[in-house]
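Read through the structure below, which is laid out as structure tokens, and then see the notes.
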Amino acid sequence: DTSLRVTGVDFLKRQNTQQHHTDGYNIQSLVVRRGQPFQVQVSLSRELRAADKLTLRFAIGESPMKNRGSLLSLKPERENFNGWKISMVERNDKGCLLSVTSSPNAPVGKYNLHVKTGSNIYKPENGVIYLLFNPWCEDDVVYMANEAEKEEYVLNDTGCIYVGSAYNIYDRPWNFGQYEEFILDACMYLLDKSQLSLDERRDPACVSRAMSALVNSNDDNGVLLGNWSGNYVSGTSPMDWIGSVTILQKYYKTKKPVRYGQCWVFAGVLNTVMRCLGVPCRCVSTFDSAHDTEENLRVDVYLNDKGEKLNSLSFDSVWNFHVWNDAWMKRTDIPNGFSGWQAIDSTPQEQSQGRFQCGPCPVKAVKEGDVYLPYDAKFVYAEVNADRVYWLVRKVNGKDKYFKVGTETQAIGKNISTKAVGQNRRVDITQEYKYPEGSREERMSMERAYSFIRPSGLMPRSGYASTRQTVGSNTQPLVPEEPATKTGLHLEIANTEPLHPGNPLEMAITVKISAPGNWTIELIGSCQLQNYTGKVQANLGTVKETINLEGPSEMQIPLKIAPDAYMKTLSSVEDEVLILVTAIAEVKETNDKLTKDTSMRFEYPPITVQMPETAKLYNDFNCALIFKNKLNVTLENCKLLVEGLGIFKMTTFEQGDIMPGRIMKSEIICTPTRLGEKKIIAKLISNQIKGISTEKGIFIT
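Just so we're aligned: the sequence shown equals residues 1 to 701 in full-length UniProt numbering.
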């Protein structure tokens, strides 16, 4: 029988994956990027002759069909429809070497390859090819020119997420782990689950929007179940994750939402998914981020007459920080000029087109005030640009009355942060989202945004219907300057001693006045514990003083909280809490009022990691994790979480209680299975402290 048969197909995995920057993926199949050639070696039963017909068939989806574009039939040297082509590199008596170039806008996903010769069809074992977006290809809409940026935003499988408060920002190391076992398959499962059409799979805007919906479980049994209740017994507390790998592996195995996530967990997982699929992506943290402002660009904060923030009245809130993602792409669905970074957010906050999804929203549209552009630009704009209005709630004749005690126009959307390219440090990207506060461009951008968002007039927006009438149609933006007081009244809040759990919290409110003359100032100050979402957990203490100042001058009023006042709350809540200090000052002579609040975080002793600087592939090395409890309190139920991608599988070590002054030392044995720069990430959790993290790098040769 002289009919031509295929006897084997070699996917030349090593050579192809190196050229396609996909050699990191821990998977049997070939992973390549679109728009770039890869080679396959086809072995044949005899030499290829001119009359022979040889066809490569690439099929994607359930029932591939030519007329739907889901079945591609490619013959060497003929440009095929859909922009794919094959060329013959060399041929000999045993077969041929073919070069395949997919279209730079081919649908991403899993393709099955069959080789047809005459009427024979050869199905190679493991004939699945994973096709990803290609930031190295100039014709791909995710093309990114800078090599170092691709290294960071596509290839880096570790990083950190910035959290805390604008007053003190710190980093949580995070393992993205896009190359780990089952992660690529989990992403392919999400793509299938999204039910995106083949055409939509070509477009990173559609893909990133669908992934922002699927990373939360709200409408589609997606990856993570959000929980801000403080009760996590039926799952893993959001504070207990140190990476995306365990979450995505568990989801892929069970196909059920993993419990539980909060914003940085959603952002960490979405970052993994986007990088895994080949879209450049970064985690972005905004400090003092506005939520649920009903697009009136205002957040109302209600205080009682002790100056304590009230939880119950506000629908809207200011989160100490919120984390979302920026994905990099050229937008082909909107006017020119809005390509580049696009904000996407998988934390379930508001529905967009009937689903909990957000973005992609051009970061440039937020900066320019072009908030009519898809998707969800009004929502993202409000998160970083709302005004904060303080209301004092007093009982007058038995009814609640609201007195406005301050407006802050520059308090929302501060210190927008992401990890620097190629370095472990924070870089401030606020200027990508906003013009400088108070600049002419900022004013123009704001007026533009306000022409698309119609804020109702200035009324308190509490849960009482009586206060819901609007004040005429004056929808002018609030004046962006700080309220200029007649006396130049100014407040500062700071801690005077380190904020260590178990010690008294020693803080001070500084009252400054710049106008000459004698002034009487009433000051009320309060200290509370709150979650990062702004929810108050405990009232710790207040201060009330009447002070006389001879202007210009200043005075410092101390605010001290004993350990007994807060330690019980600290060890009983599941979430990490921040210390919130609020101050209201009123100048008697002029009725000038000013309100200021500051969130601060507790300070903890560090974990140190001892291990060699370098190690050899497959040669075990020892790693020691050391923690000395320098606090005045016993840390109860300590757990140590450790993970090192390519060197140590995620493990939790129960450590029991660590008394004051005691040293915990854990030794682990690591086995490097991959070359290059690797990292150990460790986190210590106890009843009293919800997370001391550290990371240390090692180079594997």
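All residues carry an ideal CB built from backbone N, CA and C; glycine is no exception.
Check your understanding: From the DSSP output, which residues share a beta bridge with V32?
Key -> V32 pairs with L131.
Point to revise | the segment 37-56 in contact with the segment 92-105 per 3-pair CB rule at 8 Å | key: Contact holds: three or more Cβ-Cβ distances are below 8 Å.
Review point. In three-state terms, what does DSSP make of W264?
Key: W264 falls in the helix class under three-state DSSP.
Review point. Where DSSP assigns a beta bridge to G691, which residues make up the other side?
Key: The secondary-structure analysis by DSSP pairs G691 with nothing; it has no beta-bridge partner.
Check your understanding: To which residues does DSSP link P173 through a beta bridge?
Key -> The partner list for P173 (beta bridge, DSSP) reads C160.
Practice item. Taking all protein chains shown into account, decide if P173 is buried (16 or more other Cβ within 10 angstroms of its Cβ) or exposed. Key: Buried.
Exercise for review: Enumerate, from N- to C-terminal direction, the unbroken beta strand (DSSP E) stretches of 3 or more residues contained entirely within the segment 384-434.
Suggested key: DSSP runs (the beta strand (DSSP E)) wholly in the segment 384-434: 387-396, 399-408, 414-419 and 426-428.
**Study point:** Three-state secondary structure (DSSP) of Y111
**Key:** In this structure, Y111 counts as strand in the three-state DSSP scheme.
Point to revise | C-alpha gap between F58 and N82, whole angstroms | key: If I take the Cα positions, the gap works out to 12 Å.
Practice item. Please report how far the alpha carbon of A365 lies from the alpha carbon of V31, in whole angstroms. Key: Going by the C-alpha atoms only, they are around 35 Å apart.
Point to revise | Buried versus exposed, by CB contacts within 10 Å (16 or more), R388 | key: Buried, since its Cβ has 16 or more Cβ neighbours within 10 Å.
Check your understanding: What number of angstroms, rounded off, separates the C-alpha of S473 from the C-alpha of L248?
Key -> Residue confidence for S473 is low, a pLDDT of 32 falling below 50, so the modelled location carries little weight and cannot support an answer.
Review point. Based on Cα-Cα distance, which residue from Y25, R298, W324 and Y153 lies nearest to A186?
Key: Sorting Y25, R298, W324 and Y153 by C-alpha distance to the C-alpha of A186 places Y25 at the top.
Point to revise | Separation of S285 from K27, as counted between CA atoms | key: The sequence shown places Ile at residue 27, rather than the Lys named in the question. Distance between I27 and S285, taken at the CA atoms: about 32 Å.
Check your understanding: According to the neighbour-count rule (16 or more other Cβ atoms, all chains shown, within 10 Å of its Cβ), is K690 buried or exposed?
Key -> It is buried - the Cβ of K690 has at least 16 other Cβ atoms within 10 Å.
Review point. CB-CB under 7 Å to L478, same chain, minus the five flanking residues each way: which ones, in chain order?
Key: At L478, the pLDDT of 38 sits below 50, so the modelled position is not reliable and the matter cannot be decided from this model.
Exercise for review: List the endpoints of the continuous beta strand (DSSP E) containing I626.
Suggested key: Taken as a continuous stretch (DSSP letters only), the beta strand (DSSP E) holding I626 covers F621 to K628.
Practice item. Have a look at the DSSP bridge pairing and note the partners of T614. Key: Note: T614 sits in a beta bridge opposite F699.
Check your understanding: Exposed or buried, which one is A494 when buried takes at least 16 other CB atoms within 10 Å?
Key -> Classification for A494: exposed.
Review point. Taking DSSP as the reference, what is the three-state secondary structure of Q353?
Key: In this structure, Q353 counts as coil in the three-state DSSP scheme.
Point to revise | First through last residue of the alpha helix (DSSP H) which encompasses S289 | key: From DSSP, S289 is part of no alpha helix (DSSP H) but of the beta strand (DSSP E) over C281 to H291.
Check your understanding: Under the three-state reduction of DSSP, which class applies to V6: helix, strand or coil?
Key -> Note: V6 maps to strand in three-state DSSP.
Check your understanding: Contact check, Y260 vs G226 under 8 Å by CB: the rounded distance?
Key -> Right, the Cβ-Cβ distance comes to about 7 Å (below 8 Å), so this counts as a contact.
Check your understanding: In angstroms, rounded to a whole number, what distance separates the CA positions of F88 and C206?
Key -> A small fix is needed here, since residue 88 is Met in this sequence, not Phe. Going by the C-alpha atoms only, they are around 35 Å apart.
**Study point:** Residues bridged to G517 [DSSP beta-bridge criterion]
**Key:** According to DSSP, residue pairing for G517 in a beta bridge involves G551.
Check your understanding: Which one of F602, P563 and T542 has the shortest CA to CA distance from P498?
Key -> Taking the Cα of P498 as reference, the smallest distance to any Cα among F602, P563 and T542 is reached at F602.
Point to revise | Under 8 Å between C-beta atoms of L617 and P660 | key: It is not a contact, given that the beta carbons lie outside the stated cut-off.
Point to revise | Segment limits, beta strand (DSSP E) that includes L122 | key: One detail in the question is off: residue 122 reads as Tyr in this sequence, not Leu. In the DSSP annotation of this structure, the continuous segment of the beta strand (DSSP E) that includes Y122 starts and ends at N120 to Y122.
Review point. Apart from the five residues on each side of it in sequence, which residues of its chain come closer than 7 Å, Cβ to Cβ, to P348?
Key: Within the same chain, P348 has close Cβ partners N216, N218, G226 and F356.
Review point. Going by the CB atoms, is the gap between I700 and L675 shorter than 8 Å?
Key: Yes.
Check your understanding: Which class does L641 belong to by DSSP, given the choice of helix, strand or coil?
Key -> Here L641 sits in strand by DSSP.
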